[in-house]
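Below is one structure, written out as structure tokens, with a few remarks after it.
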Amino acid sequence: MSKADKLGVSASFARAQPVGVSSRRAAIAEATGAPTSGVVPPSEVPIEALAHNPFNLREDLTDLDELAESLTVRGQLQPLAVATRMAFMEAHPGATDGLGRAPYVVIDGNRRLAAAHIAGLKTIQIHVNDALSASAADILESALIANVHRVDVAPMDQARALQELVDVHGSQAQVAKRIGKTAAWVSQRLTLLNLTPTLQEKVETGELKVEPARRIGRLPQEAQAAAADESLSTPNPPRQRTRPAPSTIKHGHPR
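Have a look at this one:
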């Protein structure tokens with residue numbers, strides 16, 4: 163019985179190693195039955211062949227029932243971006259907990275994968291790109307760039323991911339360049355991490371809105387509670403209606 167059979171990996175995933183595979187990668191393949199980057203991957207795989215990305219910046223996968231219904235009614239409109247288990251293990255030899263036996267790791271599409279499980283899908287379409295998992299920074303960066311314009315990414319999750327990128331690349335300016343944003347944009351979002359743990363929790367629950375939270379994050383922590391209380395107690399000013407400009411048309415008297 164092969165390693166792949168022992169692990170329950172389909173024969174379509176456990177194929178001969180191509181020429182040019184590193185000795186480390188070949189050893190991992192022998193131990194796990196996972197495919198290497200040199201293997202042309204299938205475009206549709208059983209759903210159990212996919213593991214969630216442990217570096218996914220969304221700590222909470224939200225609104226899954228609605229997405230599951232969409233997958234059921236309309237089908238899958240966009241393939242999941244994944245890396246082979248091989249590439250992930252090579253970049254993260256100590257971070258394999260939670261992968262199970264899955265031969266692929268989702269880089270972008272973790273929410274769709276979770277919804278697909280709810281919808282009871284048996285197979286799912288994928289696009290394999292091992293370059294996305296070349297390093298911890300690349301996985302995190304890919305996930306952040308893919309989600310940075312999405313409204314369902316929690317602000318605190320985004321801030322934490324940005325800080326991890328700063329730790330890797332060394333400066334906010336480098337991170338801004340990597341993700342196509344201004345240094346001011348990155349700095350504004352990182353101010354959320356300066357909040358006290360209590361205020362960060364209020365941001366996560368939505369009690370404290372992001373805009374005032376960023377302003378409060380620039381203050382010393384001992385002054386933040388009072389500033390937050392003031393912000394929370396101040397009612398939002400009502401929108402003022404714009405009065406139409408007086409008509410310049412002179413109406414004549416009816417005849």
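At position 58 of the sequence shown (counting the first as 1) the number is 220 in the working numbering, and the numbers step up by one without a gap. Note that the Cβ used here is the ideal one computed from N, Cα and C, for glycine as well.
8 Å Cβ shell around Arg351 - same chain, five flanking residues per side excluded: By one-based count along the sequence shown, residue 351 stands at place 189. Cβ within range, chain order: Pro317, Gln320, Ala321, Leu324 and Arg376.
Same chain, Cβ closer than 7 Å to Ala389, neighbours up to 5 away in sequence not counted: Within the sequence shown, the letter at position 227 stands for residue 389. For Ala389, where only same-chain residues beyond five positions count, the Cβ hits under 7 Å are Ile378 and Leu381.
Beta-carbon proximity check, Asn215 vs Val290, cutoff 8 Å: Within the sequence shown, residue 215 is the residue found at index 53, counting from 1. Within the sequence shown, residue 290 is the residue found at index 128, counting from 1. No, they are not a contact pair.
Asp270, DSSP secondary structure in three states: In the sequence shown, counting from the first residue as 1, residue 270 sits at position 108. Three-state result, Asp270: strand.
Classification of Arg329 by the beta-carbon crowding that lies within 10 angstroms, buried from 16 upward: The residue given as residue 329 occupies position 167 in the sequence shown. Per the sequence presented here, residue 329 reads as Asp, with Arg not at that position. Asp329 comes out exposed.
Straight-line Cα distance separating Glu392 from Thr285: Counting from 1 along the sequence shown, the entry for residue 285 is found at position 123. Counting from 1 along the sequence shown, the entry for residue 392 is found at position 230. So the two alpha carbons sit approximately 52 Å from each other.
Residue environment, Pro265, which counts as buried when at least 16 other CB atoms sit within 10 Å: Taking the first residue of the sequence shown as position 1, residue 265 is located at position 103. Buried, because 16 or more other Cβ atoms sit within 10 Å of the Cβ of Pro265.
Exposed unless 16 or more other CB atoms sit within 10 angstroms - verdict on Gly271: Working through the sequence shown from its first residue, we reach residue 271 at position 109. That one is buried.
Leu355 - DSSP class collapsed to helix/strand/coil: Counting from 1 along the sequence shown, the entry for residue 355 is found at position 193. In this structure, Leu355 counts as helix in the three-state DSSP scheme.
Contact under 8 Å by Cβ, Ala230 with Ala293: One-based indexing of the sequence shown puts residue 230 at position 68. One-based indexing of the sequence shown puts residue 293 at position 131. Taking 8 Å as the Cβ cut-off, Ala230 and Ala293 do not qualify as a contacting pair.
Nearest-angstrom Cβ-Cβ length linking Leu354 and Val337, presumed shorter than 8 Å: Locating residue 354 in the sequence shown gives position 192, counting from the first residue. Locating residue 337 in the sequence shown gives position 175, counting from the first residue. That belief does not hold up - the Cβ atoms of Leu354 and Val337 are roughly 15 Å apart, past 8 Å.
Anticipated Cβ contact below 8 Å, Leu394 with Leu370, distance rounded: Working through the sequence shown from its first residue, we reach residue 394 at position 232. Working through the sequence shown from its first residue, we reach residue 370 at position 208. About 7 Å separates the two Cβ atoms, so the contact holds.
Strand pairing of Leu242, partner residues [DSSP]: The residue labelled residue 242 in the question sits at position 80 within the sequence shown. Bridge partners of Leu242: Ile288.
Which residues DSSP lists as bridging Val207, in chain order: Locating residue 207 in the sequence shown gives position 45, where the first residue counts as 1. According to DSSP, which records beta bridges pairwise, Val207 is partnered with Ile286.
Range covered by the alpha helix (DSSP H) that runs through Leu374: Mapped onto the sequence shown, residue 374 falls at position 212. In the sequence as displayed, the identity of residue 374 is Pro instead of Leu. Boundaries of the alpha helix (DSSP H) around Pro374: Val372 to Gly379.
With 16 other Cβ atoms within 10 Å as the buried cut-off, status of Gln383: For the purposes of this step, residue 383 is taken as residue 221 along the sequence shown, with counting starting at 1. It is exposed - the Cβ of Gln383 has fewer than 16 other Cβ atoms within 10 Å.
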